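Undergrad: Residue numbers (our numbering): 18 to 564.
Here's a structure for you.
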């Protein structure tokens with residue numbers, strides 16, 4: 018489907034929805050069309066920046082205040098090292114974990130949960146312990162977690178054939194043969210989860226860098242998840258829908274395009290446990306993962322003071338001769354001036370798609386970055402005057418998925434408090450663009466008015482909630498053209514990704530892109546690893562958070 022067909026189809030969907038109403042159509046609710054700082058970011062293409070008007074020296078510079086950059090700053094500050102600066106393009110930190118709020122609730126603009134961390138995710142557990150969410154020993158097999166952050170039940174449900182069911186694997190009308198494939202698939206994923214190689218490494222670990230390097234496992238990166246399923250004899254349409262949904266949800270890309278290694282990793286890497294929760298429970302809050310952003314910022318400021326400079330566009334990085342600092346030029350739109358920073362050590366924690374536009378004289382890095390592909394993403398937050406009417410079946414859950422829909426469904430921002438304060442709420446809807454090329458998806462995000470997005474979202478949600486139009490008081494849309502790296506076949510084991518994982522003399526990369534896919538655990542691991550490598554280069558003693 019090209020962009021013109023897409024827009025025509027969306028408009029037609031809205032027209033059909035309104036034509037079926039005998040009464041006057043309900044006007045669209047007000048709202049904003051939001052997104053990354055496109056105008057400022059696109060200035061990288063124009064390259065019309067004035068020469069630096071000032072030069073400053075900084076021992077450690079961190080570019081990007083997403084999870085990777087904040088984790089690097091958190092580890093430096095925790096180790097007693099204060100001579101660093103974090104610069105960020107946007108007006109606030111957080112990257113894909115930013116959030117908004119209104120009188121009803123806080124709500125996420127991106128990442129909205131954290132699975133119970135595995136025992137390998139030692140840095141995640143250490144952070145959660147510092148924030149008071151993990152209580153007791155962070156290295157315990159089954160820690161205790163603050164009940165306020167454990168997702169309340171029911172956690173997920175699926176809308177299909179006009180009815181809600183518990184869980185996301187389709188149940189009604191599924192043949193015995195398909196159910197047998199469900200069981201076989203689950204057993205196979207469990208085998209992968211428990212598998213260890215000769216060195217004791219898990220087949221699929223989280224962080225992914227700790228996974229086994231067994232050749233037969235790495236070979237899974239050469240084929241797609243869909244092709245791997247078919248090769249194993251899995252032809253159940255409902256099982257394929259479920260796996261495809263999981264890939265769309267985590268990677269913004271369908272199972273026909275996602276590497277089988279990445280697809281299996283989704284199911285086999287998570288084995289976190291808790292004394293007071295089941296292994297499938299996730300940690301969440303009304304604002305999604307923004308509470309983790311706020312916690313790292315508080316920790317940094319409490320230890321070393323303010324270290325964050327926002328609204329700063331890095332447009333040129335010049336690596337110098339051995340022993341010389343790295344020159345980093347950035348544009349400050351608030352002051353309309355260019356500043357040069359001479360960094361003894363540089364941690365690049367911004368997305369890798371910026372590398373070709375920013376890094377000078379680095380053809381190998383530029384080529385490696387160009388080999389990445391990025392999924393566009395859309396998030397809409399609907400503020401409702403009350404919880405809408407519901408179709409029959411399972412009770413409202415935190416995560417609510419519509420079978421066969423264009424969207425990935427919605428999460429309920431107030432789910433943790435629903436039993437205490439029923440009433441107004443916020444639905445956060447997610448949309449991947451796996452039905453078109455990434456470039457077509459970015460063009461649709463750029464060119465489609467908010468009103469068309471709002472109409473499409475409301476028309477889709479009217480299926481399970483017939484009165485949702487009447488109850489929606491506001492509908493805001495957030496666009497992200499390069500939301501996450503797509504783990505296509507060959508990326509995980511390829512040479513391009515490995516170039517960003519090495520420890521350079523003065524430069525190291527700390528974005529989740531270095532892992533090949535966008536998960537909190539991966540971004541935090543890359544940030545902490547880059548910080549620890551930096552501290553070693555500087556001769557600073559510290560206690561490792563990476564086990």
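The beta-carbon is built from N, C-alpha and C at its ideal position, and this holds for glycine as well.
Note that the coordinates shown come from a computational prediction; the quantities given were computed from them, not determined experimentally.
1. Report the rounded CA-to-CA distance for residue 461 versus residue 497, giving the unit in angstroms.
2. Could you tell me the distance, in whole angstroms, from the CA atom of residue 503 to the CA atom of residue 346?
3. So, residue 390 versus residue 441, is the Cβ gap smaller than 9 Å?
4. Measuring CB to CB, does residue 176 end up less than 9 Å from residue 443?
5. Please confirm if the stretch 311 to 331 is in contact with the stretch 87 to 103, defined as three or more CB-CB distances below 8 Å between the two stretches.
6. Alpha carbon to alpha carbon, how far is residue 356 from residue 531?
7. For residue 463, which option in 495, 239, 446 and 490 has the closest C-alpha, if you only look at C-alpha atoms?
8. By Cβ distance, which residues of its chain are closer than 7 Å to residue 39, with the 5 residues on each side in sequence left out?
9. What does the Cβ neighbour count give for residue 296, buried or exposed, with the cut at 16 atoms within 10 Å?
10. What residue range does the beta strand (DSSP E) around residue 104 cover?
11. When DSSP labels each residue in this structure, what does residue 141 get in the three-state scheme?
12. Please return the same chain residues whose Cβ sits closer than 6 Å to the Cβ of residue 524, not counting the five positions on each side in sequence.
13. Assuming residue 85 contacts residue 540 (C-beta within less than 8 Å), just tell me the rounded distance between them.
14. Roughly how far, in whole angstroms, is the beta-carbon of residue 212 from the beta-carbon of residue 220, given that I think they are within contact range, below 8 Å?
15. With DSSP run on the structure shown, which of helix, strand or coil describes residue 171?
16. Looking at C-beta atoms only, is the number of pairs between the stretch 250 to 258 and the stretch 193 to 213 that lie closer than 8 Å three or more?
17. Might you give, ordered along the chain, the residues of its own chain that have their beta carbon closer than 7 Å to the beta carbon of residue 416, omitting 5 neighbours on each side?
18. Helix, strand or coil, according to DSSP, for residue 551 in the structure here?
19. Is the beta carbon of residue 360 less than 9 Å from the beta carbon of residue 75?
20. Leaving out five residues before and five after residue 49 in sequence, what residues of the same chain have Cβ atoms less than 6 Å from its Cβ?
21. Residue 98 and residue 552 - do their beta-carbons sit closer together than 9 Å?
22. Report the option in 234, 187 and 328 whose CA atom is closest to the CA atom of residue 260.
TA: Walking through what the data contain:
1. Taking the chain shown and counting its residues from 1, one reaches residue 461 at position 444. Taking the chain shown and counting its residues from 1, one reaches residue 497 at position 480. Cα to Cα, the separation comes out at about 11 Å.
2. Start at 1 with the first residue of the chain shown, and residue 503 comes out as number 486. Start at 1 with the first residue of the chain shown, and residue 346 comes out as number 329. Approximately 29 Å between the Cα atoms of the pair.
3. Here residue 390 refers to the residue found at position 373 of the chain shown. Here residue 441 refers to the residue found at position 424 of the chain shown. Going by C-beta atoms, residue 390 is not nearer than 9 Å to residue 441.
4. By 1-based counting over the chain shown, the position of residue 176 is 159. By 1-based counting over the chain shown, the position of residue 443 is 426. Cβ atoms of residue 176 and residue 443: not closer than 9 Å.
5. yes
6. The count along the chain shown starts at 1 and reaches residue 356 at position 339. The count along the chain shown starts at 1 and reaches residue 531 at position 514. Cα-Cα distance, rounded: 28 Å.
7. Translated into the one-based positions of the chain shown, residue 463 becomes position 446. The candidate whose alpha carbon is nearest that of residue 463 is 495.
8. Here residue 39 refers to the residue found at position 22 of the chain shown. Note that residue 39 scores a pLDDT of 45, beneath 50, so its modelled location is shaky; the value from the coordinates is reported in the next line. Hits under 7 Å: none found.
9. Here residue 296 is taken as the residue at index 279 of the chain shown, counted from 1. The residue is exposed, with fewer than 16 neighbouring Cβ atoms inside 10 Å.
10. Counting from 1 along the chain shown, the entry for residue 104 is found at position 87. Counting along the chain, the beta strand (DSSP E) containing residue 104 begins and ends at 101 to 104.
11. Looking up residue 141 in the chain shown gives position 124. Note: residue 141 maps to helix in three-state DSSP.
12. To locate residue 524, count along the chain shown from 1; it is residue 507. Excluding residues within five positions, the ones whose Cβ falls inside 6 Å are 363.
13. Locating residue 85 in the chain shown gives position 68, counting from the first residue. Locating residue 540 in the chain shown gives position 523, counting from the first residue. Their Cβ separation, rounded to whole angstroms, is 4 Å, which keeps residue 85 and residue 540 in contact under 8 Å.
14. Position 195 of the chain shown, counted from the first residue, corresponds to residue 212. Position 203 of the chain shown, counted from the first residue, corresponds to residue 220. Right, the Cβ-Cβ distance comes to about 4 Å (below 8 Å), so this counts as a contact.
15. Translated into positions along the chain shown, residue 171 becomes position 154. Three-state DSSP puts residue 171 in coil, outside helix and strand.
16. yes
17. The residue labelled residue 416 in the question sits at position 399 within the chain shown. Answer for residue 416: 172, 173, 426 and 428, listed in chain order.
18. Locating residue 551 in the chain shown gives position 534, where the first residue counts as 1. Three-state DSSP puts residue 551 in a helix.
19. Numbered from its first residue, the chain shown carries residue 360 at position 343. Numbered from its first residue, the chain shown carries residue 75 at position 58. Yes, the Cβ-Cβ distance between residue 360 and residue 75 is below 9 Å.
20. Position 32 of the chain shown, counted from the start, is the residue given in the question as residue 49. Excluding positions up to five away in sequence, the list reads 493.
21. Numbered from its first residue, the chain shown carries residue 552 at position 535. Numbered from its first residue, the chain shown carries residue 98 at position 81. Yes, they are a contact pair.
22. Position 243 of the chain shown holds residue 260. It is 187.
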